[in-house]
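In our numbering, the protein residues as written are 17 to 1032.
Every residue gets a Cβ at the ideal spot worked out from N, C-alpha and C, and that includes glycine.
Written out below as C-alpha cells is the structure these notes cover.
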C-alpha cells in the first residue's frame, strides 16, 4: 500500500486509490503519515478534526472514524497498520511507502551528493523528488491545521526547487534556469529568492536589462501586496548588477557561484545530557508545540537551576531531524559573572556567520543584520536555541521570519512580550522524577522510592541543579553514605553551603539572579523572606515592605518575572525553599524573641483580617494565618496569639481545617494562661475541645471541655457554660454514651432558654435530636428537629438551618424515603456560603441518596469527591463514614467485592483509630454483608457478631437489629433454619419497636422468604 500527501491525501493499492476515505479519516491519515514513526496523541487528532473546538463527546465521535480507517488500511493478512499506543495512535507505514518521506529522503541524498561536488547528480535526484508531487499538498483536507501544514509543505517544495536551480546555475546552465524559474516566480509572488535566481540567470545570459526589470516588478509587487520594500539580499544583488560586478559573471568552472547558494547545514547543538531524567509531561507538551506548524517560538522560563537549558537542548536533539537546514545554539549570557549580556547586533553577527554569510556582507546596524538574518532563513527549516536570554528586547531581533523555523528561547525571566511565543514555565521536578535523577547522577544502588533518597530530594527542594550537584558530590566521595549527605544538608549554617560539586555551587546561580536586580527589588527580596507563611499577597507585602498595595503588587510581579518568586495562584506568591533560605541569609533576621518592625506590621495586618470575619478573605489566607499564629507564639507575642485563636475558631471549624485548629488553639491556651486571662483561657479550651472532638480524640476533648466548664462556672459565665455543656453532650454522643449526652444537652437547653439565646437553643435541639435518633426514638427526634428549624428560620441562621435540614434528611433515609431526603439535600445545596466541610458532607449525602435511587454512576462520583475533601481537611470521622458508604456501593451496586473490602477495612481501622463505635459498627456490618454475599460464611458471622456486641454495648438498637438479622441469615446457611430463628426473631422485635422498614423483610424471611440481609 502506498500513501500520498503531496497532493490529495490518499492510500493506493496496485495504483488505485482506496475508495470512501471520508473527511475525518483523511485528517487522521494525514496526521499519522506526517508523524512518521511517532504516535499522534488522541487530543491532537481531536483538535485537528474540530479546529480546536471539539464537542463534549469528541472521543466517542473519533472512535468510529479510527475503526473505519483501520479497516480500510488493514493488510491482506488482516494485521492492522493503524495501531493504538498509550493515549495515541500509530500508523505502520514504511518510509518508501509514503511520498513525503521519499521526498525528504531524496532531498537528503541530494544534499550529500552536492556536498561531495556531484552537483549534476544532486540536481537529478532533486528532480526525481519533485516528480513525487501530485498536486497541492493535502489538497482534499480542510481545516486550520491542514491549511497551516499545506503552507509548510509548499515551502518545503519551494526550497527543493530553489536548491535544484541553484545547482543548475553552478553547473553553468543559466539559460535553463532563465527559462524555468519565471513559473516559480509567478507561483510565489511574495518570495524574493526565486526573483534573485531569475535576475542572476538573466544577467549571466547577457540580459541584464531584463534582470533589472524583474527587480522593479518584484519591488512593485511587494509594495502592493505587503507594503514593504525588497530585502537586503535582493537590493544588494540589484546594486551589483547595476555596477556590473564581475563576481556575478558565469563561473569559469564548476566552482560555487555567488548566487545565494546555501552552505552545508550547521548543527552546533551542545551535547545532550546523558543523565537527562524525567520531564515527561513537559516533553510531551513541548513536542506537541513542535508538532504545531503555527508555533514559531517556544519560551522556556524558570528559576535558577530548574533545568531550562538542559530541557531545551534535549528537546532540540529530539526534533533536530525535522530541521534539515541547520540547528543552531547561541548563548546570550543573560546571567553571567564573566560576560556581559550579548548585544542583539553582536548575537546576529554570530548567527549570520554560523549560516555562512561572509563577514563583509554583514551590515553594521542591528536592523540591517536582523533583516538579512530573516531573509536568509526565509523558506528554510532551521532550529535555533537561544539560551539564557536577559529579556524580550534581546531576543526579538533574533527571531527568523520564515514559517519553517523554530526558536527555543530560555530565560530566568518570563519572556511575556516575545512575539507569538508559546510559554512553558518550568517548575521543579515532581518527587518521583527528582528521586530518579538523584539516583542516576549519584550512581547509588538505592531504590528511588526509598526514604533516604526522598529526604535528599526534599532537602534539595526538587531542584534539578541541586540534585545534580549533590549527586555528583556523593558519587565522588567513596566513603560517604546517603545518610552522611543528608546530615550535611540538614546542618547549619544551611543547605546552600553544601549544595556544590568541585567549582560549581548552587549559591552562584542564585547570586547571579539577585545581583541583576535593581536595588529596590533586592531590598524587597530580602524583606519578603521574613514572611512566616507559605504565600504572600500584595496586601501582606505592602504591610511588610511599608508601601501601598499597588506598588507592592508590582514588586511581587517583577520578582515573579525574574523567577525569584512563583505565583502559585492568582494574587499569591511564594519562595522556593532554597531561594527562601538564600533570601533569609541576606535579610539576617534577629533571633527570637526580637521581632522586626516590618513583621509587626505584617502581624497587625493579619490580625485585622482574622477579626474582620470576612469569610472569603479568611479562606484565601487560611494557609498563612496558622503559620503567622505560630510565629507570634514562638516570639512570645501572647496577645496576638490569643486573639488569633478567638478570631480563627469559627473559620477553622467551618472550613474543616482541624489539624491547623489544634495548633492554633493549643498555642492560644498557652498564651492566655501566660497572660493570666481566665476568661480567655476558658474560651481557648472550649475551642480546643471542639477541635479534639472533631479529630476523634475524645479523651482529650473531655479533659479540655471539663476544664473550660470549671473556669466558666467559677467566673459565672452562663453563656460560656451553656456552650461547653453542649460540647460535652456531643463528645458523649460520639462515644455512643447516649444517656449521658442527653443529660448535658438538657442542661445546655435550660441555660440557653433562660438567657433567651434562640440560636443556641436551636443548635442544642439539633444535637439532642441526633441522640434520640440513635436511641431509636424517631418521633421525638423529628419533633425536636422541626422545633429547631423554626428557631433557625426565625433568627435567619442559615448555618443552623442547613444542619437541621441535613438531620431531617437523615431520618428520611432511615425510613427508606430517598426522594424526600434528596429534596432536603437540594435545599442545602442551594444555600450560599458552604464551607469545604459542608460541601464534603453534601456530596457524601448526595452519593447515599443516589445509591438508594439506583443512580450509581452519580453516586460514585459524589463519594469520591467527598472523600477527597474529607482527606484534605483532616475530617477523619467524615472520611470513615464516606469509606463505609463507598465500600457498600462497590459491593452492592458494582459487585466489586475486592474494592469493597479494601474501603471497608480502611474505614474500620480509621474508626478504631478515632475511637468511634458508631462508625466501627457500620464498617463491620459492611464487611459482614460483603463476605456473606461472596459465600464466606465464617468470616461474615465473625463480623456480624462483633458488630452486634459493639452496638449493644453503646445502646444502638438500630445497628444491633441489623447485626442480628445478618447473624440469623448466616446461621441459616451454616446450621439451618432452626439455629437462625432466635436471631431473626430478636432482630424483628427491635426493628418493629423502632418502627423501621426492614421489619417487613425480616418477617418475610422468618416465614420462609428470601434472605435479603446481605443486600440491605
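Taking residue i as the reference, which of the options has the closest Cα?
i           : options                : result
residue 880 : 905, 890 and 869       : 905
residue 234 : 221, 251 and 940       : 251
residue 217 : 568, 264, 18 and 125   : 264
residue 790 : 750, 772, 424 and 26   : 750
residue 171 : 395, 755 and 402       : 395
residue 645 : 475, 677 and 446       : 677
residue 716 : 967, 689, 584 and 682  : 682
residue 650 : 668, 687, 801 and 662  : 687
residue 821 : 833, 841, 811 and 803  : 841
residue 237 : 203, 261 and 221       : 203
residue 348 : 403, 327 and 308       : 403
residue 756 : 768, 742 and 766       : 742
residue 192 : 211, 125 and 221       : 221
residue 894 : 877, 259, 852 and 868  : 852
residue 916 : 903, 926, 908 and 1013 : 903
residue 383 : 400, 364 and 393       : 364
residue 832 : 910, 846 and 1016      : 1016
residue 967 : 949, 953 and 934       : 934
residue 748 : 476, 970 and 120       : 970
residue 696 : 654, 788 and 180       : 654
residue 460 : 445, 754, 496 and 227  : 496
Do the CB positions of residue i and residue j come within less than 8 Å of each other?
i           : j           : result
residue 816 : residue 775 : yes
residue 344 : residue 370 : yes
residue 10  : residue 700 : Past the boundaries of the shown model lies residue 10; the chain is included only from 17 to 1032, so the question cannot be answered.
residue 595 : residue 572 : no
residue 932 : residue 896 : yes
residue 283 : residue 337 : no
residue 408 : residue 442 : no
residue 735 : residue 706 : no
residue 421 : residue 397 : yes
residue 156 : residue 42  : yes
residue 529 : residue 456 : no
residue 674 : residue 631 : no
residue 731 : residue 694 : yes
residue 85  : residue 49  : no
residue 184 : residue 139 : yes
residue 899 : residue 876 : no
residue 552 : residue 589 : yes
residue 679 : residue 698 : no
Pop quiz: residue i and residue j are said to be a contact at Cβ under 8 Å. What is the actual Cβ separation, rounded to whole angstroms?
i           : j           : result
residue 389 : residue 416 : 7 Å
residue 188 : residue 281 : With a Cβ gap of about 25 Å, residue 188 and residue 281 do not count as contacting.
residue 660 : residue 598 : No, residue 660 and residue 598 are not in contact; Cβ-Cβ is about 29 Å, not under 8 Å.
residue 918 : residue 939 : Actually they are not in contact, since the Cβ atoms of residue 918 and residue 939 sit about 12 Å apart, beyond 8 Å.
residue 67  : residue 160 : 5 Å
With a threshold of 7 Å, establish whether the CB of residue i neighbours any heavy atom of the ligand SAH.
i           : result
residue 138 : Looking at this structure, you won't find the ligand SAH or any other ligand, since it has none at all.
Answer yes if the segment 285 to 301 comes into contact with the segment 549 to 562, meaning at least three C-beta pairs across the two stretches below 8 Å, and no otherwise.
-> Not touching, per the Cβ criterion.
Taking contact to mean at least 3 C-beta pairs separated by less than 8 Å, is the segment 630 to 650 in contact with the segment 595 to 604?
-> The answer is no - the segment 595 to 604 does not touch the segment 630 to 650, with fewer than three Cβ pairs under 8 Å.
Evaluate contact between the segment 477 to 490 and the segment 444 to 463, counting only Cβ atoms and requiring at least three cross-stretch pairs below 8 Å.
-> Short answer: they touch.
For the 8 Å Cβ check, are there 3 or more pairs between the segment 1004 to 1019 and the segment 970 to 978?
-> Per the Cβ contact rule, the segment 1004 to 1019 is in contact with the segment 970 to 978 (3 or more Cβ pairs under 8 Å).
Okay, do the segment 109 to 129 and the segment 21 to 28 touch, 3+ Cβ pairs below 8 Å being the bar?
-> Two segments are said to touch when three or more pairs of C-beta atoms, one from each, lie closer than 8 Å; by this definition the segment 109 to 129 touches the segment 21 to 28.
Hey, is the segment 958 to 970 in contact with the segment 936 to 945, meaning 3+ C-beta pairs nearer than 8 Å?
-> Taking 8 Å as the limit for Cβ pairs, the verdict is that the segment 936 to 945 does touch the segment 958 to 970.
Examine the Cβ distances between the segment 580 to 590 and the segment 512 to 522 and report whether three or more of them are shorter than 8 Å.
-> No, they do not touch.
Looking at C-beta atoms only, is the number of pairs between the segment 717 to 731 and the segment 761 to 770 that lie closer than 8 Å three or more?
-> In this structure the segment 717 to 731 does not touch the segment 761 to 770; the number of beta carbon pairs closer than 8 Å is below three.
Taking one C-beta from the segment 325 to 335 and one from the segment 287 to 296 each time, how about it: are there three or more such pairs within less than 8 Å?
-> Enough Cβ pairs lie closer than 8 Å, so yes.
Output the residue ranges of the beta strand (DSSP E) runs that lie fully inside the segment 589 to 646 and measure 3 residues or longer, sorted by chain position.
-> Counting only runs of 3 or more, we get nothing.
Start-end ranges of the alpha helix (DSSP H) lying completely within the segment 714 to 801, minimum 4 residues | With a minimum length of 4 residues, the continuous alpha helix (DSSP H) runs that stay inside the segment 714 to 801 are 714 to 731, 734 to 750, 754 to 771 and 774 to 790.
Within the chosen definition, does the segment 371 to 378 reach the segment 310 to 317 through at least 3 CB pairs nearer than 8 Å?
-> Verdict: no, contact absent.
4 or more residues per run - each alpha helix (DSSP H) lying fully within the segment 126 to 200 = DSSP runs (the alpha helix (DSSP H)) wholly in the segment 126 to 200: 135 to 146 and 160 to 186.
Touch test, the segment 785 to 803 against the segment 836 to 850, Cβ-Cβ under 8 Å, three pairs minimum | Three or more Cβ pairs closer than 8 Å define a contact, and the segment 785 to 803 falls short of that threshold against the segment 836 to 850.
Going along the chain, which unbroken runs of the alpha helix (DSSP H) with 4 or more residues stay wholly within the segment 507 to 567?
-> Under the rule that a run must span 4 or more residues, the alpha helix (DSSP H) segments found entirely inside the segment 507 to 567 read 522 to 531, 535 to 544 and 554 to 561.
Counting Cβ pairs closer than 8 Å, one from the segment 496 to 506 and one from the segment 609 to 622, do we hit at least three?
-> The segment 496 to 506 makes no contact with the segment 609 to 622, as fewer than three CB pairs between them are under 8 Å.
Which ranges would you report for the beta strand (DSSP E) in the segment 342 to 375 if only whole runs of at least 3 residues count?
-> Here the runs fully enclosed are 343 to 347.
Can you check the segment 877 to 949 for any alpha helix (DSSP H) of at least 4 residues that lies completely inside it and give the ranges in chain order?
-> Here the runs fully enclosed are 892 to 908, 913 to 929 and 933 to 949.
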